[in-house]
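See below for the structure under consideration.
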Amino acid sequence: MLNKIDSQRFSVDFSIQLQLGIIVKMDSYTDTTKSPHKNNDAWATNVRSIRVAEVSPHRLPPALLLEADPSASSISTYLLDSFCFAAIEGDNILGACVLQNLIDGVLEINNLAIFPELQCQGLGSLLLQHVIDTAKKRSIRKIELGTGTFGHQLAFYQRFGFRVETLIKDYYIDNYEEPVWEKGIQHKDMLRLSLTL
Ligand SMILES: CC(C)(COP(=O)(O)OP(=O)(O)OC[C@H]1O[C@@H](n2cnc3c(N)ncnc32)[C@H](O)[C@@H]1OP(=O)(O)O)[C@@H](O)C(=O)NCCC(=O)NCCS
């Protein structure tokens, strides 16, 4: 969602981790149907074989994670204690959702990103629905996340029933080394959203 910062050091660290990365679970499904999303011309004409699988967070391309969170240090912090689902086609990761178990049946979405050229084709919805379904099976009672106060992400999450819980003023000013811009507007405050399952 946010403009990217220099990720060179982060990429070097990650390339080592990627060599060690393995798929830890293939409890997945294959979606060979057309996406239900209304703007989905690509899917309407091509039947693609996309599966969602749980993968090691360290297998995720850093550039993908930086699409949703421009802070490499922030990503490194939550990756240590996360698990992750990815949308995969063949051997390629197209998008991913990084999750963390909080206390008392609450799940945090730390990062949800689809590669830019593949956005708006239903992949983010596919991943998020998989996360919601899996959370229900694991007796999670609530999913939480933080996002900016404007942008298409809000509509995306609200379509799934997420509601605004609180606002953290100046979050992106206080916690990011560089200003975070989107469409010429600086992100300053964070909205905390939640979905009660
Ligand atoms: C947010 C994101 C994960 C959604 O995944 P996606 O595959 O693009 O979304 P889907 O195709 O499943 O759903 C499309 C809907 O999402 C929203 N959306 C997604 N990308 C959008 C874009 N570039 N512009 C406008 N709306 C967009 C819209 O609500 C759209 O519905 P609409 O076309 O009816 O308005 C993806 O756009 C992304 O990776 N963005 C960059 C990273 C990011 O911001 N992550 C969220 C962090 S809080």
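Under my numbering, the first residue of the sequence shown carries the number 40, and numbering increases by one thereafter. By construction, the Cβ of each residue, glycine as well, lies at the ideal position given by its N, Cα and C atoms.
By Cβ distance below 6 Å, which residues in the same chain neighbour residue 207 in space, the five residues on each side in sequence not counted? If you number the sequence shown from 1, residue 207 lands on position 168. Once the five neighbours on either side are set aside, the close Cβ partners of residue 207 are 229.
Status (buried if at least 16 other CB within 10 Å, exposed otherwise) for residue 1: No statement about residue 1 is possible, as the shown extent of the chain runs from 40 to 236 and does not include it.
Spell out a yes or no on whether the segment 121-137 and the segment 217-226 are touching, meaning 3 or more CB-CB pairs, one atom from each, closer than 8 Å. no
Which residues in the same chain have their Cβ closer than 8 Å to the Cβ of residue 236, if we skip the five residues on either side of it in sequence? Here the question's residue 236 lines up with position 197 in the sequence shown. These residues qualify, in order along the chain: 171, 174, 175, 179, 180, 181, 182.
What did DSSP end up calling residue 21 once you bin it into helix, strand or coil? Limits of the chain in this structure are 40 at one end and 236 at the other, which puts residue 21 out of reach.
I'd like the list of long-range same chain contacts for residue 152, defined as Cβ closer than 7 Å, with 5 residues on each side in sequence excluded. Counted from its first residue, the sequence shown places residue 152 at position 113. Answer for residue 152: 103, 104, 106, 107, 134, 135, listed in chain order.
For residue 186, does the count of other Cβ atoms within 10 angstroms reach 16, so buried, or fall short, so exposed? Counting from one through the sequence shown, the residue named residue 186 turns up at place 147. Label assigned to residue 186: buried.
Ignore the nearest five residues each way along the sequence and tell me which others in residue 117's own chain have a CB closer than 8 Å to its CB. As a working mapping, residue 117 is identified with position 78 in the sequence shown. If we look at residue 117 and ignore the five residues flanking it on each side, its Cβ neighbours are 137, 139, 149, 150.
Have a look at 197, 126, 130, 177 and flag the residue whose alpha-carbon is nearest the alpha-carbon of residue 160. Within the sequence shown, numbered from 1, the residue matching residue 160 stands at position 121. When only C-alpha atoms are compared, the closest one is 126.
Span of the beta strand (DSSP E) holding residue 93? Position 54 of the sequence shown holds residue 93. 89-94 is the extent of the beta strand (DSSP E) around residue 93.
Assuming residue 233 and residue 195 are in contact, meaning their beta carbons sit under 8 Å apart, how far apart are those beta carbons, in whole angstroms? Here residue 233 refers to the residue found at position 194 of the sequence shown. Here residue 195 refers to the residue found at position 156 of the sequence shown. About 15 Å; that fails the 8 Å criterion.
Length of the line joining the Cα atoms of residue 165 and residue 218: By one-based count along the sequence shown, residue 165 stands at place 126. By one-based count along the sequence shown, residue 218 stands at place 179. One C-alpha to the other measures close to 31 Å.
Nearest-angstrom Cα distance between residue 203 and residue 167? Position 164 of the sequence shown, counted from the start, is the residue given in the question as residue 203. Position 128 of the sequence shown, counted from the start, is the residue given in the question as residue 167. The straight-line gap from Cα to Cα measures roughly 17 Å.
Length-filtered (3 minimum) beta strand (DSSP E) runs lying within the segment 169-227: 181-187, 202-207, 219-221, 224-226
Quick one: residues in its chain with C-beta nearer than 6 Å to the C-beta of residue 205, no 5 flanking neighbours on either side, listed in chain order? In the sequence shown, residue 205 corresponds to position 166, counting from 1. Excluding its 5 nearest sequence neighbours in each direction, residue 205 has C-beta neighbours in its own chain below 6 Å: 231, listed in chain order.
Please classify residue 112 as buried or exposed, where buried requires at least 16 other C-beta atoms within 10 Å of its C-beta. Translated into the one-based positions of the sequence shown, residue 112 becomes position 73. Burial call: exposed.
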